[in-house]
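Novice: In our numbering, the protein residues as written are 7 to 693.
1) Give the straight-line distance between the Cα atoms of residue 273 and residue 622, rounded to the nearest whole angstrom.
2) By a C-beta neighbour count over all protein chains shown, 10 Å radius and 16 as the cutoff for buried, is residue 574 buried or exposed?
3) Determine the direct distance from the alpha carbon of residue 355 to that of residue 339, and round the result to whole angstroms.
4) Return yes when the Cβ of residue 600 is within less than 8 Å of the Cβ of residue 635, no when it is not.
5) Classify residue 260 as buried or exposed, calling it buried when 16 or more other Cβ atoms lie within 10 Å of its own Cβ.
6) Using only CA atoms, which one of 489, 555, 122 lies nearest to residue 521?
7) Starting from the C-beta of residue 664, find all residues in its chain whose C-beta is less than 6 Å away, skip the five residues before and the five after it, and write them out in chain order.
8) Can you tell me which of 71, 219, 298, 111 puts its alpha carbon nearest to the alpha carbon of residue 82?
9) Would the beta-carbon of residue 683 fall within 8 Å of that of residue 507?
10) Where does residue 594 sit, in a helix, a strand or coil, going by DSSP?
11) Distance check for residue 374 and residue 404, CA to CA, integer angstroms please.
12) Which two residues bound the contiguous alpha helix (DSSP H) that contains residue 574?
13) Looking only at its chain, what residues have a beta carbon closer than 6 Å to the beta carbon of residue 229, apart from the 5 residues adjacent to it on each side?
14) Determine which residues share a DSSP beta bridge with residue 671 and list them.
15) Considering residue 419, what are the terminal residues of the beta strand (DSSP E) in which it resides?
16) Please classify residue 639 as buried or exposed, where buried requires at least 16 other C-beta atoms within 10 Å of its C-beta.
17) Skipping 5 residues on each side, what residues in its chain have a beta carbon closer than 7 Å to that of residue 45?
18) Would a C-beta distance cut-off of 8 Å place residue 211 and residue 186 closer than the cut-off?
19) If residue 677 sits next to residue 526, beta carbons under 8 Å apart, how far is it from one beta carbon to the other, in whole angstroms?
20) So, using beta-carbon positions, are residue 190 and residue 138 closer together than 8 Å?
21) Report the option in 443, 548, 300, 588 whose CA atom is closest to the CA atom of residue 392.
22) Give me whichever residues DSSP pairs with residue 220 in a beta bridge.
23) Could you please give the first and the last residue of the uninterrupted beta strand (DSSP E) stretch that includes residue 531?
24) Does the region 276-296 come within contact of the region 439-459, defined as at least 3 CB pairs closer than 8 Å?
25) Would you tell me roughly how many angstroms separate the C-alpha atoms of residue 421 and residue 630, rounded to the nearest one?
26) Taking just the CA atoms, how far does residue 247 sit from residue 615?
27) Thinking C-alpha only, which one of 434, 610, 570 is nearest residue 583?
28) For residue 127, which option in 43, 540, 93 has the closest C-alpha, if you only look at C-alpha atoms?
29) Determine the DSSP secondary structure at residue 695, reduced to helix, strand or coil.
30) The ligand GTP and residue 205: does any heavy atom of the ligand fall closer than 7 Å to the residue's C-beta?
31) Strictly by DSSP, which residues pair up with residue 697?
32) Grab me the residues of residue 8's own chain with a C-beta within less than 6 Å of its C-beta, minus the 5 sequence neighbours each way, in chain order.
33) Quick one: give me the first and last residue of the beta strand (DSSP E) that residue 7 is part of.
34) Provide the residue span of the beta strand (DSSP E) that contains residue 61, from first to last.
35) Go through the region 361-421 residue by residue and report every complete run of the beta strand (DSSP E) that reaches 3 residues or more, in order.
36) Consult DSSP for residue 23 and reduce its assignment to one of helix, strand or coil.
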C-alpha cells in the first residue's frame with residue numbers, strides 16, 4: 007500500500023531522533039536536513055526538547071498531526087508508537103528502521119503482525135521494518151550514505167536489502183546515475199517489491215515518470231503481481247533491470263523426471279523475468295551498467311561503431327560484443343576514405359575506429375559526425391577515451407558531451423582512467439551524463455539490453471490451447487497422487503490434442519506379439535514401472551519379428567519394478583522434448599528442447615511460465631542452442647516448427663486445465679517435416 011503521505015509528506019517525525027549522527031535516529035534527521043526537506047520536521051526524544059535544532063517532543067502523544075513517521079526505536083516499542091500515531095495523529099505513512107522482528111524470532115514476528123494490523127486499519131503505508139528507509143525527490147528519509155542526486159528523470163530503485171542498496175547506490179553514483187526514488191522494503195511486512203512496483207505502474211506516465219527501474223530482490227512473494235505490473239510498465243515504455251539473489255541454492259533438490267531436474271527455482275525466475283520483460287542481472291556492476299545504458303538511449307539495431315584512441319580496450323570490447331551476437335561491422339568506401347584523410351597518419355576507420363593516442367577533440371568530432379551522417383549501417387557508437395595523465399582532456403569530454411546531446415544515434419562513453427581523469431569525468435557527469443569505466447562490463451551489459459529488445463510491444467493474449475477441459479478434469483479427478491499408468495497418460499494427451507504414437511500395453515508375451523502385429527513391425531518395446539527406462543535396459547528399438555518380441559518380453563518383464571511392457575511402432579525423426587513442472591510460488595513452468603539423452607547431456611532447454619502463447623513458444627524454440635539442428639543442419643530433414651510450437655502450447659493448455667500436474671515429460675517427441683509426435687510420456691499428479 008502506497009499513500010501520498012509516503013511520497014510527498016508535508017510533515018515528518020523521527021521517533022527516536024538523536025543528537026548522535028552515528029545512530030540511525032540521528033543520521034536520518036541529518037540526512038533530512040542536508041536534503042533540504044521543506045516540510046515540518048519533528049523528533050520524539052524523551053530527554054530533550056530539541057534534537058539537532060529540530061523541535062523534539064517527549065512522547066508521541068504530544069505531537070501535532072503528522073503525515074510520515076520514521077521509527078528508530080527498539081522493536082518492542084514500535085507497536086504502541088504506531089498505534090498512537092495512526093489513531094491519534096492521523097499518520098498515514100510509516101518507515102520502521104528498527105530490526106528485531108520476524109527476521110529474528112517468533113516474538114518479533116508477533117510485534118510485526120500487530121504493526122501491520124494497525125497500519126492496515128488506518129489505511130497507512132508501512133515500509134520495513136528492518137530497512138534503511140526511503141528516498142524521493144521530496145525527502146531523504148534514510149539513515150545511510152551516500153545520498154545520490156535526486157531527480158524526476160533519474161532511476162527508480164526498489165531493494166529488499168538495505169546493505170546491498172548502499173553498495174548499489176555507491177556503484178551507480180560512480181557511473182553518474184541519478185535517482186528518482188529509492189525504496190528499501192526490508193521485511194516487506196505490508197509493502198514489498200511487488201507493491202511498490204504496482205504503485206509505479208498505476209502512476210506511470212511515459213515522458214514524465216522515471217523510465218528505468220532497478221530491482222534487487224531476495225524473495226519473490228507474489229510472482230503474479232510482479233509479472234502483471236512489470237510487463238505493464240514495459241508495455242508503457244519503461245525498462246526494468248533486476249537482480250534476483252538466492253535461487254541457485256534453493257534449486258538443489260532431488261527430482262524424478264527430466265523436467266523436474268531442469269525446472270529449478272532459478273529457471274523459474276529466468277522464465278518469470280523473461281515473460282515480464284525484465285533484464286536479469288547478476289552483479290551490482292552489471293545492474294548499474296544496464297541501467298546506465300537504458301537511461302541513455304537504446305539503439306534500434308545491433309551494429310556498433312567503436313571509437314577509440316587505445317587499441318587494447320577496443321579489441322576487448324569487439325570480442326565481447328561479437329561473442330554476444332552484437333555486430334561491429336567493417337566500415338569502408340569513399341566516405342570512410344574521406345574521414346581517414348581528416349585523421350593523423352596511422353589512424354584506422356575500419357571499425358574499431360582508432361584515431362591514435364595523439365588524436366584531437368576536433369578529430370573525434372569528425373568521427374562522430376561521420377558515424378551519424380555517412381555510415382548508415384551504424385546504429386550506435388561507443389567512445390573509449392582515457393588519459394595517460396600527461397595533459398588535461400576536458401576538450402575531448404566536452405566534445406563527447408555536446409555530441410551526445412545532438413546525436414541521432416546513441417553514444418556510450420567508456421572512460422577508463424577514473425584517477426587520471428577524475429576532474430574531467432566529474433565535470434562530464436555534472437552535465438547529466440552516465441559513464442562506464444570498464445569496456446567488457448559495458449559490452450556484456452549492452453548485449454544483454456539489445457538481446458532483450460525484441461519483447462512484444464503489446465500484451466500477448468493467451469486463452470489456452472483448445473484442450474478438452476471436461477475430459478481432462480474427469481481424468482485428473484479420478485487419479486490418485488503419483489505417476490499415471492500409460493493408458494491414463496494416453497487419454498490425457500488425447501484430451502489435450504497432443505499427437506502421440508500408437509501404443510499397446512502387454513501383460514504377457516502372447517499379448518506382446520499380438521500388439522506388435524497390430525501396430526506393424528518394426529516396433530519399440532519399453533518397460534512400464536521404472537521411471538528412467540534407459541538406465542535399467544528397459545528400452546529396445548527396431549524389433550522386426552514375433553520371435554524377437556517374445557524374447558525381449560521375457561527379458562524385460564524381469565527388470566525390477568516392471569509391471570508390464572509397452573509397445574509402439576518404430577518411428578523416425580529428430581528427438582525433441584517438452585514438459586512441465588509446478589514450481590511454487592511461480593506456478594507451472596513449461597519447457598522444451600532437444601530430446602532423448604540430450605536433455606540430460608546438454609541441458610539445452612527453454613522455459614516459460616504457463617500460460618504460454620504461440621509467440622512465446624516460438625521464442626522458446628528459437629532460443630535453443632540446438633535450433634539449427636531443428637532447422638535441418640547438413641541436409642537433415644527439418645522439424646516442422648509450427649507443429650512443435652503447437653505441442654508446447656498444448657502442454658501449457660493441459661497444465662492450465664490440470665494444475666494438479668506436478669511433473670510432465672514428453673520425451674522423446676519425434677519431429678519430422680510433417681509431424682511432431684509424442685513417443686514416450688510421463689505425468690505425475692500431486693493434489
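We put the beta carbon where it would ideally sit given N, CA and C, even for glycine. In this text, all values refer to a predicted model and were calculated from it rather than measured experimentally.
Specialist: Result, derived from the coordinates:
1) 16 Å
2) buried
3) 10 Å
4) yes
5) Annotation note: pLDDT 39 at residue 260 (below 50); position unreliable, no value reported.
6) Here the closest residue by C-alpha is 555.
7) 478, 482
8) 111
9) yes
10) strand
11) 13 Å
12) No alpha helix (DSSP H) holds residue 574; the beta strand (DSSP E) holding it covers 570-575.
13) 278, 591, 592
14) 585, 688
15) Residue 419 -> beta strand (DSSP E) spans 417-420.
16) With a 10 Å radius around the Cβ and a threshold of 16 neighbouring Cβ atoms, residue 639 comes out exposed.
17) 15, 16, 17, 18
18) no
19) Not a contact, Cβ separation roughly 21 Å.
20) Yes; because the gap between Cβ atoms is below 8 Å, this pair is in contact.
21) Nearest option by C-alpha distance: 443.
22) Answer is 163, 247.
23) 529-534 is the extent of the beta strand (DSSP E) around residue 531.
24) yes
25) 36 Å
26) Taking the straight line joining both Cα atoms gives about 19 Å.
27) 610
28) 93
29) Because the chain is modelled from 7 through 693, residue 695 falls outside the range shown and cannot be assessed.
30) The model on display carries no ligand, and the ligand GTP is accordingly not part of it.
31) Residue 697 lies beyond the range of the chain shown here (7 to 693); nothing can be said about it.
32) 131, 205
33) First-last for residue 7: undefined, no H or E at that position.
34) 60-63
35) Within the region 361-421, the complete beta strand (DSSP E) runs of at least 3 residues are 386-390, 417-420.
36) coil
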